[in-house]
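Order-wise, the sequence lines are chains A and B.
For the first sequence, our numbering assigns the number 8 to the initial residue and increments by one for each residue that follows.
For the second sequence, our numbering assigns the number 8 to the initial residue and increments by one for each residue that follows.
Protein chains: 2
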Amino acid sequence: MGGDRHVVILGGGFGGLATAAALETAPLSVTVIDRRNHHLFQPLLYQVATAALNPSDIAKPIRAILRDQRNARVILGDADTVDLDGKRVRLRDGESIPYDDLVVATGARHAYFGNDHWERHAPGLKTIEDALEIRRRVLIAYEEAERETDPALQAEWLTFVVVGAGPTGVEMAGSLVEIARHALARDFRAVDPTRARVILLEGLDRVLPPYPPELSGKAAAQLRRLGVTVRTGTRVTSIDARGVDLGDERIPARTVIWAAGVAASPLGRALGGETDRAGRVIVEADLTLPGRSDVYVIGDLASVKLDDGAPVPGVAPAAAQMGRHVASCIRRRQAGQATTAFRYADKGSLATIGRRSAVADLGRIKLSGFSAWIAWLAIHVFFLIGFRNRILVLLQWVWSYMTYGRGARLITGGPPEDISEEAGPARVEGGRPGPL
Amino acid sequence: MGGDRHVVILGGGFGGLATAAALETAPLSVTVIDRRNHHLFQPLLYQVATAALNPSDIAKPIRAILRDQRNARVILGDADTVDLDGKRVRLRDGESIPYDDLVVATGARHAYFGNDHWERHAPGLKTIEDALEIRRRVLIAYEEAERETDPALQAEWLTFVVVGAGPTGVEMAGSLVEIARHALARDFRAVDPTRARVILLEGLDRVLPPYPPELSGKAAAQLRRLGVTVRTGTRVTSIDARGVDLGDERIPARTVIWAAGVAASPLGRALGGETDRAGRVIVEADLTLPGRSDVYVIGDLASVKLDDGAPVPGVAPAAAQMGRHVASCIRRRQAGQATTAFRYADKGSLATIGRRSAVADLGRIKLSGFSAWIAWLAIHVFFLIGFRNRILVLLQWVWSYMTYGRGARLITGGPPEDISEEAGPARVEGGRPGPL
Chain A
8 MGGDRHVVIL
18 GGGFGGLATA
28 AALETAPLSV
38 TVIDRRNHHL
48 FQPLLYQVAT
58 AALNPSDIAK
68 PIRAILRDQR
78 NARVILGDAD
88 TVDLDGKRVR
98 LRDGESIPYD
108 DLVVATGARH
118 AYFGNDHWER
128 HAPGLKTIED
138 ALEIRRRVLI
148 AYEEAERETD
158 PALQAEWLTF
168 VVVGAGPTGV
178 EMAGSLVEIA
188 RHALARDFRA
198 VDPTRARVIL
208 LEGLDRVLPP
218 YPPELSGKAA
228 AQLRRLGVTV
238 RTGTRVTSID
248 ARGVDLGDER
258 IPARTVIWAA
268 GVAASPLGRA
278 LGGETDRAGR
288 VIVEADLTLP
298 GRSDVYVIGD
308 LASVKLDDGA
318 PVPGVAPAAA
328 QMGRHVASCI
338 RRRQAGQATT
348 AFRYADKGSL
358 ATIGRRSAVA
368 DLGRIKLSGF
378 SAWIAWLAIH
388 VFFLIGFRNR
398 ILVLLQWVWS
408 YMTYGRGARL
418 ITGGPPEDIS
428 EEAGPARVEG
438 GRPGPL
Chain B
8 MGGDRHVVIL
18 GGGFGGLATA
28 AALETAPLSV
38 TVIDRRNHHL
48 FQPLLYQVAT
58 AALNPSDIAK
68 PIRAILRDQR
78 NARVILGDAD
88 TVDLDGKRVR
98 LRDGESIPYD
108 DLVVATGARH
118 AYFGNDHWER
128 HAPGLKTIED
138 ALEIRRRVLI
148 AYEEAERETD
158 PALQAEWLTF
168 VVVGAGPTGV
178 EMAGSLVEIA
188 RHALARDFRA
198 VDPTRARVIL
208 LEGLDRVLPP
218 YPPELSGKAA
228 AQLRRLGVTV
238 RTGTRVTSID
248 ARGVDLGDER
258 IPARTVIWAA
268 GVAASPLGRA
278 LGGETDRAGR
288 VIVEADLTLP
298 GRSDVYVIGD
308 LASVKLDDGA
318 PVPGVAPAAA
328 QMGRHVASCI
338 RRRQAGQATT
348 AFRYADKGSL
358 ATIGRRSAVA
368 DLGRIKLSGF
378 SAWIAWLAIH
388 VFFLIGFRNR
398 ILVLLQWVWS
408 YMTYGRGARL
418 ITGGPPEDIS
428 EEAGPARVEG
438 GRPGPL
């Protein structure tokens with residue numbers, strides 16, 4: 008099926024899949040190439056990191072998503088370079104795939120601003136493996152604290168630092184408090200998880216910097232009410248295995264999570280065009296690579312400006328809109344028409360802060376607290392791919408809401424490391440009775 | 008709050024947890040030590056390996072299970088040796104924990120009969136990591152086949168060998184066929200997953216050797232009807248990355264799964280008593296280590312004989328019964344009474360073979376086919392720990408049953424390895440339309 012024209016899409020995220028879907032009825036063939044076999048609903052990744060959801064609740068095989076799209080095929084492969092003149096994509100294993108139109112949608116990863124050695128001590132949150140590693144570290148920290156007898160060291164294990172107060176950082180911090188206050192509260196005997204400290208650090212002067220200042224203020228107040236220590240205008244100067252330095256100040260903490268900034272996929276620079284500081288490709292108004300009408304760059308990899316000069320935000324709806332726009336450009340060119348300029352329709356922003364609490368900036372409507380939280384839940388369930396996932400996620404949320412539980416508290420992926428010192432003779436303390 | 012007497016339980020499997028639970032009202036304190044933070048419902052592990060269930064559906068933190076048991080605490084740690092005279096357990100990190108009574112319930116792992124180098128090519132199935140690794144290999148095999156152009160190599164990727172036709176092997180083989188015939192059937196363009204071959208090898212003369220011969224025959228017939236190639240009386244002489252040797256015969260296959268035999272945890276031999284060929288500890292009638300009335304060995308680690316000389320099977324109900332028996336012995340000794348001999352109450356055996364098909368040996372009642380499958384479902388849901396898990400697993404099973412789907416088809420834990428050769432120019436074949 009499909010015509011002779013061949014569209015290659017690199018990346019099966021929101022942008023890539025929106026492009027593919029919008030080409031379903033076009034007389035051409037589509038190949039989606041991704042290093043991963045699954046599309047990931049990244050907005051909920053922090054819920055995997057905090058043991059509320061399972062990986063498969065927020066991820067679905069790209070093949071399964073495109074199963075019934077007759078003109079699409081999927082390749083599990085790692086795109087390495089693009090031969091723009093020869094019109095071929097070269098994969099890391101040497102295979103090369105010809106294209107007529109290329110859509111580059113390989114997104115971004117977290118970045119450490121030249122301090123890549125921080126990654127070991129402060130993992131970021133972009134993939135399922137990242138989320139499971141963070142989950143493992145958080146759960147191990149409580150286990151270590153339980154066995155630690157030195158109060159200072161115990162406090163180190165019970166201190167959680169989140170660097171960066173964008174939506175992911177805010178959501179992580181809120182969830183970490185809830186794990187401590189509710190999910191784990193009665194699980195331990197020697198330590199009291201409710202004494203855990205969660206510290207949210209932000210370099211700019213307010214949390215959720217891309218949001219209106221009014222909502223930032225509400226979010227900070229909600230975070231503080233939950234018990235998060237919010238510190239804005241602070242600059243991290245060093246991170247090691249035992250804590251974080253802010254200039255002369257030291258925060259001892261065994262668990263640090265990085266939510267401060269991303270860098271575009273290296274494929275952006277490999278295209279040879281101009282890129283911005285974060286490695287995003289500067290594109291034409293129709294999202295093509297300058298000088299290459301057959302190469303489109305979309306999503307987090309593209310640097311696109313709004314009319315007021317502000318960048319289009321790196322969020323899922325923007326990527327999907329770009330994908331649909333590019334599909335329409337490809338169809339227009341195939342029909343011998345000129346392409347059109349991309350316009351971003353801002354549907355608003357949302358961030359949850361914890362149980363029953365969120366902020367929403369829906370243009371004229373700004374919500375905070377419970378109403379924003381309900382809006383957040385509804386929108387996130389609605390946009391999850393697949394009916395099964397929607398039902399399962401909804402059920403797990405209802406369950407968590409009723410019980411304060413987090414069902415996926417598994418430490419997997421490695422044996423416990425450097426379990427420290429002698430815990431002394433067995434000690435028994437009473438668990439409080441409670442529901443369940 | 009517990010008295011002064013301290014019971015240490017090594018292992019949070021079915022045996023260890025049954026012991027702990029049965030000591031809840033006893034005037035003593037209990038410490039459960041496990042290398043993992045979770046109890047695992049091993050009978051359903053093959054469903055994680057075959058993408059039907061999530062890890063957290065069949066695993067629950069040991070702490071959460073014992074949360075409300077006031078006299079119990081949990082340590083995440085790796086027991087290394089036991090100082091029987093000093094009455095202390097030494098952990099791998101050097102900590103040592105004193106006990107008054109010790110219950111060793113560290114179970115078994117898969118074993119390769121002196122061919123440990125086979126493990127790399129033929130992983131076994133005992134932990135969540137094992138299950139995720141097998142899931143990864145199975146899904147990658149189809150991805151590789153999709154990109155392979157040489158029909159012989161494609162057939163290698165589409166051949167799955169299961170070594171060992173005990174319950175785990177039979178269940179794996181049945182599930183692998185279902186993945187090929189249903190879950191993946193429409194996902195690929197260049198290969199037809201329904202052409203995949205699943206070969207089940209067994210060294211003895213029938214499948215499910217511990218079951219009555221009549222049920223073995225029925226199971227083999229059901230497997231063959233599903234499309235599994237069943238070969239009994241065959242001896243694997245070598246396994247490498249490209250296939251399996253049976254003496255002079257070679258089966259080319261890229262995916263081999265080991266379900267043939269277990270060896271007891273090394274802690275059994277470390278106790279210094281007599282062990283059987285598989286490393287299981289020969290115990291007294293009351294399940295104590297000979298000469299040590301304060302050390303009990305239970306579950307898969309104990310070698311216990313029935314009155315007719317046959318071994319008590321290594322199944323969850325047997326381990327739980329031993330655990331409860333040992334708890335009663337500890338209570339009796341604390342009350343100054345003599346311990347009693349363990350008696351195994353055989354409640355029967357069950358194995359599923361696939362969708363709507365199973366065999367059950369419930370003593371006088373022997374079932375096969377649909378009625379056995381319903382019994383299998385009911386019993387497995389009932390014995391899952393935690394209401395939440397029961398509901399979620401039931402829902403996923405209902406969903407899978409209706410849609411033939413397997414929702415957890417994620418490749419995680421590593422990049423795709425040695426993706427082979429050139430797939431040639433993009434090819435597009437039609438996907439069949441269908442529901443969902």
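Built from N, CA and C at the ideal position, the CB exists for glycine as well.
I'd like the ranges of any beta strand (DSSP E) spanning at least 3 consecutive residues and lying wholly in the stretch 287-369 of chain A.
299-304, 356-361 and 364-369
Please identify the residue among A:SER375, A:TRP125, A:LEU274 and A:ALA66 whose C-alpha is closest to the C-alpha of ASP247 of chain A.
A:TRP125
Starting from the beta carbon of ALA66 of chain B, find every residue of chain A whose beta carbon is closer than 8 Å, and list them in chain order.
Within chain A, the residues near ALA66 of chain B are LEU417.
Cα-Cα separation, PRO422 of chain B to ARG99 of chain A
Residue confidence for PRO422 of chain B is low, a pLDDT of 44 falling below 50, so the modelled location carries little weight; the figure read from the coordinates is stated next. C-alpha separation (whole angstroms): 11 Å.
Alpha carbon to alpha carbon, how far is LEU230 of chain A from ILE381 of chain B? Give it in angstroms, no decimals.
49 Å
Indicate whether the contact test is met: 3 or more Cβ pairs, each with one atom in the stretch 170-184 of chain B and one in the stretch 201-209 of chain B, closer than 8 Å.
yes
Please classify GLY19 of chain B: does DSSP put it in a helix, a strand, or coil?
coil
Do you know how far the Cα of LEU47 of chain A is from the Cα of ALA129 of chain A?
As the crow flies, the alpha-carbon of ALA129 of chain A is around 22 Å from that of LEU47 of chain A.
Neighbour list for LEU274 of chain B in chain A, Cβ cutoff strictly below 9 Å:
Residues of chain A passing the Cβ test: none, with the nearest at roughly 16 Å.
Against chain A, which members of the stretch 128-153 of chain B pass a CB distance test of less than 7 Å?
For the stretch 128-153 of chain B, residues whose beta-carbon sits nearer than 7 Å to a beta-carbon of chain A comprise ILE135, GLU136, LEU146 and GLU150.
Can you tell me whether MET409 of chain B is buried or exposed, with buried defined as 16 or more other CB within 10 angstroms of its CB?
exposed
Could you tell me whether any Cβ in chain A is nearer than 8 Å to the Cβ of ARG434 of chain B?
Bear in mind that a pLDDT of 27 at ARG434 of chain B, under 50, signals an unreliable position, so the model cannot answer this.
Stretch pair the stretch 103-113 of chain A + the stretch 150-165 of chain A: three plus CB contacts closer than 8 Å
These segments do not touch.
Looking at the structure shown, is PHE389 of chain A part of a helix, part of a strand, or coil, going by DSSP?
helix
Per DSSP, which residues does LEU47 of chain A bridge with? Please list them.
A:ALA66
Grab me the residues of GLY173 of chain B's own chain with a C-beta within less than 8 Å of its C-beta, minus the 5 sequence neighbours each way, in chain order.
LEU215, PRO216, PRO217, ALA266 and ALA267
As assigned by DSSP and simplified to three states, the class of VAL96 of chain A
strand
Using a threshold of 8 Å, state whether the C-beta atoms of LEU52 of chain A and THR113 of chain A are closer than that.
no
What three-state label does DSSP hand THR419 of chain B in the structure shown?
coil
Determine the direct distance from the alpha carbon of GLN49 of chain B to that of ALA348 of chain B, and round the result to whole angstroms.
27 Å
Between the alpha carbons of GLY210 of chain B and THR244 of chain B, how many angstroms are there, rounded?
C-alpha separation (whole angstroms): 11 Å.
So with Cβ pairs under 8 Å, would you call TRP406 of chain B a contact of chain A?
yes
Going along chain B, which residues have a C-beta under 7 Å from SER63 of chain A?
ASN61, GLY414, ALA415 and LEU417
Residues of chain A with CB closer than 7 Å to the CB of LEU24 of chain B, please, in chain order.
Residues of chain A passing the Cβ test: none, with the nearest at roughly 15 Å.
Less than 8 Å between CB atoms is the rule here; does ASN44 of chain A satisfy it with respect to chain B?
So, interface residue.
Report buried or exposed for THR156 of chain B, applying the criterion of at least 16 other Cβ atoms within 10 angstroms of its Cβ.
exposed
If I measure Cβ to Cβ from GLY22 of chain A and keep anything under 6 Å in the same chain, skipping five residues before and after, which residues do I get?
Same-chain partners within the cutoff: ALA112, ILE305, GLY306, ALA326, MET329 and GLY330.
For PRO105 of chain A, list the residues DSSP reports as bridge partners.
A:ARG95
Below-8 Å beta-carbon distance, PRO422 of chain A vs any chain B residue:
Residue confidence for PRO422 of chain A is low, a pLDDT of 44 falling below 50, so the modelled location carries little weight; the figure read from the coordinates is stated next. Closer than 8 Å to some Cβ of chain B, the Cβ of PRO422 of chain A qualifies, so yes.
Give the interface partners of ALA367 of chain B over in chain A, defined as CB-CB distance under 9 Å, in chain order.
Under the 9 Å cutoff, chain A gives no residues; its nearest Cβ is about 29 Å from ALA367 of chain B.
If you check the beta carbons only, do LEU313 of chain B and TYR351 of chain B fall under 8 Å apart?
yes
Check whether chain B comes within 8 Å of ALA358 of chain A, counting only Cβ atoms and requiring the distance to be less than that.
no
VAL37 of chain A - containing alpha helix (DSSP H), residue span:
It is not in any alpha helix (DSSP H) - VAL37 of chain A instead sits in the beta strand (DSSP E) that spans 36-41.
Using 8 Å as the threshold, is the stretch 66-77 of chain A in touch with the stretch 189-197 of chain B, meaning 3 or more CB pairs across them?
yes
Mind checking who SER375 of chain B pairs with in its DSSP beta bridge?
B:VAL366
Tell me whether PHE167 of chain A is buried or exposed, calling it buried when 16 or more other Cβ atoms sit within 10 Å of its Cβ.
buried
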